[in-house]
Amino acid sequence: MNISLARKIDGKKFMWDGAEYETRAQASQIMESYAKEGFEVKMFQEEDKYLVYSRRVAEVQSAG
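Plus 1 on top of the position in the sequence shown (first one is 1) and you've got our numbering.
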């Protein structure tokens, strides 16, 4: 299976987390943990595996 490291969704770039999950439940559990850390997450099914893609906008910090 040829997995894309990045996907554009609604004009936003999401990065694959590098794991292939056997079940939707496993992928959903990982998605929940990423969401709690402030990531936007998406799940895709490729063949018989589930893939999780995430993104987070970096906050600009002042140099003060």
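We put the CB at the ideal spot given by N, CA and C, even for glycine.
- Judged by DSSP secondary structure, S29 falls within the alpha helix (DSSP H) whose first and last residues are R25 to K37.
- Between V53 and A28, the gap from beta carbon to beta carbon is short of 8 Å.
- Around the Cβ of M32, a 10 Å sphere holds 16 or more other Cβ atoms; the residue is buried.
- Put simply, of G39, Q46 and F40 the residue whose alpha carbon is nearest the alpha carbon of M2 is Q46.
- Going by C-alpha positions, A26 is about 9 Å away from Y51.
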